[in-house]
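Have a look at this one:
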């Protein structure tokens, strides 16, 4: 009778209209008898669900039934686990969503259903407020406020972000020269990394000509201080809210590298790919770790989850990892509060102590192309430049939230 789907199938995807509180048909009216979230005082990062009891004045099969959520800016942050092809009757049916977490803020939630390709939003509309966990302090909160055209360190008392010059040795295997000039604030609270096509560039990406110019920001100061970290953390909760251009050859990422990378070569220093976005795959992302004693013995644990709620990479999403760095710990990835991938210390074996029990620093980048065309192809005729990675904020908490 009920079949779960990953999340709310967006009206835009179906080409459907949306109406407020209009009945599905003249013959049947849908009513919400009860609606509540599972936690009376939600805390940031903790999982919660929502439950509703819904009935119809006459039997009615709807294409989808969900509990939708909007944040204070009106952005769609729905609970996952919408039910598809659901039959409503005159007796109330109760359904519970799948779980997700939410950042600090106040949210409005309501039941919505899809019938004849039209979404209908029902009353009541209720709110819940998510507060910070007093036992899990924020250790990093970069909101990227400042005037348009300023650099990523604008307003900071101590710089956090530095250019990564390793493209000059071809260490990224990409086609882009990296420059701080390509990482600027937009004046609306976002950091924008911009990739430009530069066919006449004389810059060299290793043995290859750099046909593009973009940005790769690291918290390791390679240009001035031999790769010393300006911020790093062992374990905790790391997250960023981002959106990316779509197109073959685009390879944005939010990731970590061991803060000891100046003295311990990769991959032994460790890498956590909180998210890698492949522009040719707009409905899914990559999550992974890299470890091992040396590059020839490198070990990975990749996953390629679909974005919740039929989302795409050009929409805003919160990408996060929870990292318990203890000897029996884990890494747990999430997208928009929905857990999507887990790797445990037991699975990583000896590599866990080697790579994931010391502090890591953060990296934001927008790469173009790679030396593995099957992984990230060169841009094609449909790839549009300039292309961007927009970052709303980057945050960290001292402890895992999941």
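In our numbering, the protein residues as written are 233 to 634. For glycine and all other residues, C-beta sits at the position ideal for the given N, C-alpha and C.
Inset, instruction - Find the nearest neighbour of residue 317 within the set 493, 346 and 333, judged by alpha-carbon distance. - result: Closest by alpha carbon: 346.
Legend entry - Span separating the alpha-carbon of residue 508 from that of residue 433: 27 Å
Legend entry - Assigned secondary structure, residue 413 (DSSP; H/G/I helix, E/B strand, else coil): In this structure, DSSP gives residue 413 a helical state, which the three-state scheme calls helix.
Inset, instruction - Please confirm whether residue 340 and residue 302 have their CB atoms less than 8 Å apart. - result: yes
Legend entry - Contained alpha helix (DSSP H) runs [length at least 4] in the stretch 439-466, N- to C-terminal order: 454-457
Inset, instruction - Output the boundary residues of the alpha helix (DSSP H) element that contains residue 586. - result: 582-587
Legend entry - Proximal residues to residue 633 (C-beta, below 6 Å), its chain only, five neighbours per side dropped: 277, 469 and 554
Legend entry - Secondary structure of residue 541, DSSP reduced to three states: helix
Legend entry - Rounded C-alpha distance that separates residue 248 from residue 488: Per-residue confidence for residue 248 stands at a pLDDT of 48, beneath the threshold of 50, marking its modelled position as unreliable; no derived number is given.
Inset, instruction - Find the nearest neighbour of residue 590 within the set 265, 465 and 363, judged by alpha-carbon distance. - result: 465
Legend entry - Per DSSP, cross-strand counterpart(s) of residue 398: DSSP lists no partner for residue 398.
Inset, instruction - Express the C-alpha separation of residue 312 and residue 295 in angstroms, rounding to a whole number. - result: 16 Å
Inset, instruction - Please determine, among 448, 540 and 607, the residue with the shortest C-alpha to C-alpha distance to residue 394. - result: 448
Legend entry - Given 8 Å, three or more beta-carbon pairs between the stretch 428-444 and the stretch 382-393: The stretch 428-444, when compared against the stretch 382-393, does not touch it at the 8 Å Cβ threshold.
Inset, instruction - Going by CA-CA distance only, name the one from 304, 620, 627 and 271 that's closest to residue 482. - result: Taking only the C-alpha atoms, the option nearest residue 482 is 620.
Legend entry - residue 627, buried or exposed, once every other Cβ within 10 Å from all chains shown has been counted against 16: buried
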